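Number of protein chains: 2
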Amino acid sequence: MEDKIQIAKNYINENKQKILNSFFEVLEIQSISSDPAYAQQLKICAQWISNYLLSIGIPNTKILNTQKHPVVFGESLIQGKDKPTILVYGHYDVQPPDPVDLWHTPPFTPTIKENKIYARGTSDMKGQMMVILSAIQAINATSELPVNIKFLIEGEEEIGSPSIKDFLQNNRELFTSDFVLNLDAGMISKTQPTIVLGLRGLAYFEITVTGPGHDLHSGLFGGIVFNPIQALSKILAGMINEKGVIQLPGFYDDVLPLSEEERGQFSKLGLDDTYYLDQTGASNIFGEEGYSCAERIGARPTLDVNGILGGYTGEGPMTVIPSKAMAKLSMRLVPNQTPEKVNQQLREYMEKHAPKEIKWELRQLASDPACMTDPKFYATQCFAETLETVWGKEPIYKREGGSIPIVTHFQEILGIESILSGFSLPEDNIHSPNERMDLDLFWKGINTVIHYLFNIAESCK
Amino acid sequence: MEDKIQIAKNYINENKQKILNSFFEVLEIQSISSDPAYAQQLKICAQWISNYLLSIGIPNTKILNTQKHPVVFGESLIQGKDKPTILVYGHYDVQPPDPVDLWHTPPFTPTIKENKIYARGTSDMKGQMMVILSAIQAINATSELPVNIKFLIEGEEEIGSPSIKDFLQNNRELFTSDFVLNLDAGMISKTQPTIVLGLRGLAYFEITVTGPGHDLHSGLFGGIVFNPIQALSKILAGMINEKGVIQLPGFYDDVLPLSEEERGQFSKLGLDDTYYLDQTGASNIFGEEGYSCAERIGARPTLDVNGILGGYTGEGPMTVIPSKAMAKLSMRLVPNQTPEKVNQQLREYMEKHAPKEIKWELRQLASDPACMTDPKFYATQCFAETLETVWGKEPIYKREGGSIPIVTHFQEILGIESILSGFSLPEDNIHSPNERMDLDLFWKGINTVIHYLFNIAESCK
């Protein structure tokens with residue numbers, strides 16, 4: 341086995357440029373799932389992946405339509421029933437590159453600087469996908485896959501995977517597997533391999549406020565109508581108090597208190613305020629009183645305004661009272677909270693606190709429950725051992741702030757556990773301008789997956 | 341005299357299409373003063389007006405540079421010292437057409453529908469300018485101007501006339517006159533001629549709030565930094581309380597209380613809540629407790645947020661915590677308040693109420709003092725009599741909500757009074773999409789000015 345691992349790793353070393361060329365190709369595809377204008381780019385990206393799977397020795401691939409963006413399926417079942425079947429999960433869609441003018445290099449023209457690749461989707465998660473595909477490519481080019489593998493690469497992760505639940509229910513047998521390998525989580529620092537055990541859920545909303553029936557001149561009408569931006573500001577301002585506590589009625593009712601053991605784990609991460617000030621570039625930390633930063637991110641629900649727009653925002657002064665104002669806001673949820681209940685809580689808050697003089701509308705744009713995985717699951721333990729072998733350091737277990745709704749769907753619909761790890765860093769600027777992936781981690785990630793596929797096959801002999 | 345008035349009015353009747361053609365020409369010029377990208381259009385517009393003055397018999401015209409956009413000067417002094425010299429004030433710049441997608445016809449393609457001309461700048465105030473120019477054209481084509489006239493047509497009114505104070509000080513002699521005719525005020529309804537006696541001032545600001553040093557992923561960092569949109573919302577929300585009272589420290593200190601006589605005048609306007617609900621399309625009125633709508637607009641200071649922008653505002657969800665958020669806001673001021681003091685008050689408010697966890701910046705984009713004119717001034721009384729003759733109804737005197745800073749500059753620098761009137765309507769959507777001017781008022785406005793020029797010459801015999 342050690343021989344096979346070594347020759348696969350050698351293959352990677354000898355084919356770095358070829359692998360990077362393919363990585364660049366898929367990064368150039370503008371697969372922005374949130375904007376209907378890019379639907380065709382999503383199709384092109386799915387086709388690219390399907391072709392790529394074929395080229396690296398996954399014979400049985402197909403593109404499956406969903407209600408929105410297609411899923412790429414693939415399978416290699418050459419090891420039969422004696423070996424586990426791993427479902428490799430990934431997503432090929434990316435966040436919008438906005439604000440584009442803050443990028444130092446064009447977001448869809450991958451650029452290497454100081455051993456990092458800059459482009460939208462490098463770290464989240466075309467890069468993580470290429471880590472797995474390159475490991476499989478190397479093994480298939482030098483020996484044979486020691487386990488069975490299936491693929492589910494979706495195109496809706498960045499918009500909350502709206503089609504995937506129905507899709508999985510309708511294709512349960514196709515995706516029958518022993519467990520999921522999902523590299524869409526990250527590591528806490530470049531030298532600290534990380535396994536993620538819990539992920540927050542997401543409830544995302546758009547609020548539109550209407551004041552006057554049309555835009556007005558503030559000289560002729562200022563002082564007699566409720567300005568919709570002012571109304572929206574009041575609504576948003578009241579949602580979090582000065583102690584960082586969210587004011588939606590009943591918002592914390594279902595939240596499980598942190599156990600002493602969990603608090604101990606968080607404290608072991610060694611991530612203090614200085615670390616987070618450095619990561620965020622903020623001049624001060626602000627959050628829910630009584631919790632550390634790592635606890636707030638990993639185990640406490642939060643609320644953020646993600647966007648706001650109203651009135652005149654160009655150069656110079658324009659004395660308009662706009663008719664409408666809009667805000668996008670979202671809550672990160674912890675286990676036991678549900679997006680449906682949060683919708684009710686937000687609606688109740690709006691009914692109570694929105695000024696009576698204006699009209700408002702609430703639309704829910706994403707709904708993902710939170711999830712927890714089992715650290716004692718055999719395949720997760722094997723992944724932890726592999727991380728220790730390759731990185732020379734025990735992995736740390738962490739509850740994370742982001743949402744990967746698919747984990748819960750895999751648990752509930754396919755009845756299988758996920759391994760959540762990955763090779764992205766907190767400073768990779770995912771969802772922000774100048775997203776990047778560290779190339780050291782990229783190559784080391786490939787080696788990790790090569791090791792793991794042989795290790796997990798061996799451990800199930 | 342009656343003969344001369346009649347033949348000038350006949351000339352208008354016979355040349356309506358020609359006059360409209362010229363009006364259309366000047367409306368097509370995109371003279372948006374707030375946006376540097378349109379500076380060339382401002383120059384083109386000034387040149388158009390200068391040429392037009394020449395074509396209607398004003399021999400001595402020139403274009404004078406200022407620190408920003410040029411001023412068009414013109415004079416016809418044929419009556420010598422026996423007759424008054426009227427300084428005709430106007431502005432050729434317009435507001436931006438944003439939001440452009442709410443226009444039913446393109447903002448710079450004038451379109452007549454139901455006897456109204458739709459285009460940016462029709463009512464505010466290229467139309468008012470064409471009213472005066474057409475009256476002069478008709479008189480010059482049929483007899484001769486009975487008074488001396490000078491012109492000051494500026495290109496910065498919509499951005500608070502930043503250059504005009506220095507410009508007037510440097511050109512005091514050029515503009516020496518007996519009084520100003522300024523048709524940039526409006527009338528309260530189609531059948532009610534109006535003279536404006538007071539105008540509110542304006543202080544306009546842009547606030548930028550910075551939270552984290554760059555955009556962040558709300559999953560990875562939500563809950564530990566002060567979201568700048570949330571911070572800005574808190575700042576804005578606290579500026580007005582639930583009784584509509586502005587919370588800047590000392591904001592009302594210099595405001596003169598309304599006298600019983602003034603309140604009586606406001607109440608005589610007969611403008612109740614129903615009238616303003618109809619004008620604004622709002623579902624409810626909201627304003628400072630204890631004052632009627634007309635009082636709030638005419639004689640009380642107000643504060644409005646004119647624009648807000650932050651984070652992701654495109655389609656669908658994007659889970660970003662933005663680094664920055666920006667708001668534009670402005671206060672309408674009443675006599676005795678000064679934009680400088682309001683700047684101090686806002687700064688004091690920010691220092692006290694802006695969350696300590698964020699950084700903020702304050703920029704002042706416009707500063708105009710409020711003004712009052714004298715209703716007993718002889719030229720204003722003559723204008724009132726002319727209005728009654730032409731419209732068959734006594735004019736109403738009103739204090740207005742908008743700002744025309746030039747009025748104060750004329751008082752202070754040239755020592756002359758202004759007549760403030762005009763032929764625009766509250767429902768003309770000035771500063772909003774689908775700005776229009778009623779053609780009935782346009783033609784009747786021209787007749788009014790023809791009558792007035794002969795009346796004022798006669799009364800000064």
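Which chain is which? The protein sequence lines are G and R, in order.
First residue of the first sequence: 341, per my numbering; consecutive thereafter.
First residue of the second sequence: 341, per my numbering; consecutive thereafter.
All C-beta atoms, glycine included, are put in the ideal place defined by N, C-alpha and C.
Small disclaimer: the values here were computed from a predicted structure and weren't measured.
What's the C-alpha gap between residue i and residue j?
i, j, result
"residue 559 of chain G", "residue 597 of chain G", "53 Å"
"residue 697 of chain R", "residue 707 of chain R", "30 Å"
"residue 723 of chain R", "residue 588 of chain R", "40 Å"
"residue 505 of chain R", "residue 749 of chain R", "6 Å"
"residue 449 of chain R", "residue 503 of chain G", "45 Å"
"residue 354 of chain G", "residue 534 of chain G", "28 Å"
"residue 398 of chain G", "residue 546 of chain G", "42 Å"
"residue 711 of chain G", "residue 678 of chain R", "58 Å"
"residue 798 of chain G", "residue 386 of chain G", "33 Å"
"residue 637 of chain G", "residue 737 of chain G", "14 Å"
"residue 548 of chain R", "residue 664 of chain R", "7 Å"
"residue 340 of chain G", "residue 653 of chain R", "The structure shown does not extend to residue 340 of chain G, since chain G is modelled only from 341 through 801, so no value can be given for it."
"residue 681 of chain G", "residue 614 of chain G", "35 Å"
"residue 651 of chain G", "residue 612 of chain R", "27 Å"
For a contact meaning CB atoms closer than 7 Å, what does residue i contact in chain R?
i, result
"residue 633 of chain G", "564"
"residue 665 of chain G", "648"
"residue 456 of chain G", "None at all; the shortest Cβ gap to chain R is about 15 Å."
"residue 435 of chain G", "658"
"residue 627 of chain G", "563, 564"
Give a yes or no on whether the minimum CB-CB distance between residue i and chain R is below 9 Å.
i, result
"residue 577 of chain G", "yes"
"residue 624 of chain G", "yes"
"residue 701 of chain G", "no"
"residue 447 of chain G", "no"
"residue 584 of chain G", "yes"
Could you list which residues in chain R have their beta carbon closer than 8 Å to that of residue i, in chain order?
i, result
"residue 529 of chain G", "Here the premise fails: no neighbours, minimum Cβ distance about 13 Å."
Excluding the 5 residues preceding and the 5 following residue i in the sequence, name in chain order all residues of the same chain whose CB lies nearer than 7 Å to its CB.
i, result
"residue 801 of chain G", "With a pLDDT of 46 at residue 801 of chain G, under the threshold of 50, the modelled position of that residue is not reliable, and the figure given next carries that caveat. Closer than 7 Å at Cβ, skipping near neighbours: no residue."
"residue 646 of chain R", "668, 669, 670"
With a threshold of 9 Å between beta-carbons, can residue i be considered close to chain G, or not?
i, result
"residue 689 of chain R", "no"
"residue 772 of chain R", "yes"
"residue 792 of chain R", "no"
"residue 379 of chain R", "no"
"residue 410 of chain R", "no"
"residue 636 of chain R", "yes"
"residue 801 of chain R", "Summary for residue 801 of chain R: the model assigns pLDDT 46, below 50, so the residue's position carries little reliability, and this model does not support an answer."
"residue 642 of chain R", "yes"
"residue 580 of chain R", "yes"
"residue 573 of chain R", "yes"
"residue 742 of chain R", "yes"
"residue 736 of chain R", "no"
"residue 603 of chain R", "no"
"residue 696 of chain R", "yes"
Residues in its own chain within less than 6 Å of residue i by CB, not counting five upstream and five downstream?
i, result
"residue 640 of chain G", "628, 631"
"residue 384 of chain R", "369"
"residue 344 of chain G", "483"
"residue 442 of chain G", "773"
At a CB-CB cut-off below 9 Å, which residues of chain R make contact with residue i?
i, result
"residue 375 of chain G", "654, 655, 656"
"residue 706 of chain G", "656, 657, 659"
"residue 620 of chain G", "551, 552, 553, 554, 556, 561, 564, 565, 661"
Which chain G residues sit within Cβ distance under 8 Å of residue i?
i, result
"residue 544 of chain R", "657, 659"
"residue 651 of chain R", "645, 646, 647, 648, 668"
Taking Cβ-Cβ distances shorter than 9 Å, what residues in chain G pair up with residue i?
i, result
"residue 672 of chain R", "558, 559, 562, 563, 659"
**Asked** Are three or more beta carbon pairs between the stretch 672–679 of chain G and the stretch 552–572 of chain G nearer than 8 Å?
**Response** Three or more beta-carbon pairs separated by less than 8 Å are not found between the stretch 672–679 of chain G and the stretch 552–572 of chain G, which leaves the two stretches without contact.
**Message:** Assess contact between the stretch 516–535 of chain G and the stretch 736–747 of chain R, defined as three or more Cβ pairs (one per stretch) separated by less than 8 Å. Is contact present?
**Reply:** Judged by Cβ distances under 8 Å, the stretch 516–535 of chain G makes no contact with the stretch 736–747 of chain R, as fewer than three pairs qualify.
**Message:** So, does the stretch 469–477 of chain G touch the stretch 779–791 of chain G, judging by three or more C-beta pairs under 8 Å?
**Reply:** The stretch 469–477 of chain G, when compared against the stretch 779–791 of chain G, does touch it at the 8 Å Cβ threshold.
**Prompt:** Hey, is the stretch 678–689 of chain R in contact with the stretch 451–464 of chain G, meaning 3+ C-beta pairs nearer than 8 Å?
**Reply:** No, the stretch 678–689 of chain R is not in contact with the stretch 451–464 of chain G.
**Prompt:** On the three-pair Cβ rule with 8 Å, is the stretch 413–433 of chain R touching the stretch 487–495 of chain R?
**Reply:** Enough Cβ pairs lie closer than 8 Å, so yes.
**Segment contact, 8 Å Cβ cut-off, at least three pairs: the stretch 573–586 of chain R with the stretch 571–581 of chain G** = Yes: at least three Cβ pairs fall under 8 Å.
**Message:** Counting beta carbon pairs with one atom in the stretch 419–435 of chain R and one in the stretch 370–379 of chain R, are three or more of them shorter than 8 Å?
**Reply:** Yes, since at least three Cβ pairs between the stretch 370–379 of chain R and the stretch 419–435 of chain R fall closer than 8 Å, the two stretches touch.
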